[in-house]
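Scroll down for the structure; my scribbles are underneath it.
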Amino acid sequence: MTTMTYVSQAQSVRSAGFTAALRAEWGKLWSVRSSWITLSLGVLAGIGVALLNVFFREGEATYATIAAEVAGTAGLVAIPIMVFAVISVTAEYSSRAVHNTLLGTPRRNRLLGAKALSVGLAAFLTAVVATGLGFAVTLVGAKHVGGALGDSGVLFPMLVAPVVVALLAVWAMALGTLLRSAAGAISLVLVEQLALGSLIGLVLRNDIGRKIGHSLPNYASGQLLSAVKLTPHVWGQLAVLLAWVIGGLVVAGYALHRRDA
6 MTTMTYVSQA QSVRSAGFTA ALRAEWGKLW SVRSSWITLS LGVLAGIGVA LLNVFFREGE
66 ATYATIAAEV AGTAGLVAIP IMVFAVISVT AEYSSRAVHN TLLGTPRRNR LLGAKALSVG
126 LAAFLTAVVA TGLGFAVTLV GAKHVGGALG DSGVLFPMLV APVVVALLAV WAMALGTLLR
186 SAAGAISLVL VEQLALGSLI GLVLRNDIGR KIGHSLPNYA SGQLLSAVKL TPHVWGQLAV
246 LLAWVIGGLV VAGYALHRRD A
């Protein structure tokens, strides 16, 4: 995507409201090649893990177990989508196009809100496609599927997975806004998602370490993705994840407001 594209889109929302800012941010997401690549990787991850589940499956599958497997793989699907979320912000800083974006939408909180909503929606839709295709691939590959599609434990995981992925993407976007560095933000996202909880557990082998590990986005999202029904524990983990997302947006908004582009 060229700087001229950013200029034209920024000028189109000059002095406009949130809807115009949202439209501009949504358009920018799909006008860069990296968005298509990273989101496609998320979909391919969902399909690939589904194929592995089919290949290594032993015994009979049910609709509920398939839904649980597909929802469980959403954590892997989320990683390239979170990379997409980071790049959606940091690419503008690396190309200096953020200056034109701010000219078009001077109110930075409005800009951040539009970007968060567009990134979250793109992540949600991508996760819906990834989990839907993963579910379909597993059904086709299974020799026999027991139960019924309307059984308890089928719909809930399939609905929760895209929501969790969208929240993780918005958190990653906030991190990218705060750091303004693709390498730094992506590295931090990968460490948190793949290793931070285990590292804390190795260093702090006590109740404090356990509590810290259980307060991380990776743990909260993992608990949500493994849930089959709504319970107080699920509500608690959702609150933890929402706290990270809202806190990240608040800090990112403050930093965006205080510093020069």
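FYI, this note's numbering numbers position 20 of the sequence shown as 25, with every residue one higher than the one before it.
Just so it is clear, CB atoms sit at the ideal spot from N, CA and C, and this is done for glycine as well.
Cβ pair residue i, residue j closer than 9 Å
i    : j    : result
V88  : F140 : no
A135 : G51  : yes
A73  : S203 : no
L116 : E30  : yes
I84  : V194 : yes
V233 : G158 : yes
I217 : L207 : no
L261 : Q242 : no
V175 : G77  : no
A188 : A96  : no
P222 : W249 : yes
Expected contact under 8 Å - CB spacing of residue i and residue j to nearest Å
i    : j    : result
S226 : L201 : In fact, because the Cβ distance is near 13 Å, the residues do not count as touching under 8 Å.
L122 : L235 : Not confirmed; about 25 Å, so no contact.
R185 : Y98  : 5 Å
A166 : A79  : 4 Å
I251 : L144 : Not a contact, Cβ separation roughly 37 Å.
Y68  : G152 : 5 Å
G22  : N114 : Not really, about 13 Å apart at Cβ, beyond 8 Å.
Residue i Cβ short of 8 Å to the ligand ATP heavy atom set
i    : result
A121 : With respect to the ligand ATP, the structure offers nothing, as it holds no ligand at all.
Residue from the options with nearest C-alpha to residue i
i    : options                : result
V54  : R263, I42, T67, L81    : L81
R127 : K148, G214, W41, V196  : In the sequence under discussion, the amino acid at residue 127 is Ala, which differs from the Arg named in the question. When only C-alpha atoms are compared, the closest one is W41.
G118 : A179, V170, G146, L173 : A179
S93  : I84, F161, R264, W35   : W35
R264 : T182, A147, F61        : T182
I191 : R210, T143, T43, A147  : T43
V91  : G77, R62, G125, F61    : G125
L56  : I251, K120, L138, S45  : L138
F60  : V142, T24, R215        : V142
L172 : A132, N211, R215       : A132
S45  : E197, V150, I86, A25   : I86
A244 : S220, V48, V196        : S220
K120 : Y224, H238, P237, A25  : A25
V150 : R62, P237, L199        : R62
I196 : N211, A177, I213       : Contrary to the premise, residue 196 reads as Val rather than Ile in this sequence. Nearest option by C-alpha distance: A177.
K148 : V256, G47, N58, I205   : N58
L199 : N211, Y224, I213       : Y224
Sheet register partners of residue i (DSSP bridge)
i    : result
V196 : Note: V196 sits in no beta bridge, so no partner.
G151 : T67
Mind listing, in chain order, the continuous beta strand (DSSP E) runs of no fewer than 3 residues lying wholly within the region 17-45? none
### Contained alpha helix (DSSP H) runs [length at least 4] in the region 155-187, N- to C-terminal order
160-184
*asked:* Just to confirm the assignment: which complete beta strand (DSSP E) runs, minimum length 3, are found wholly within the region 241-266?
replied: none
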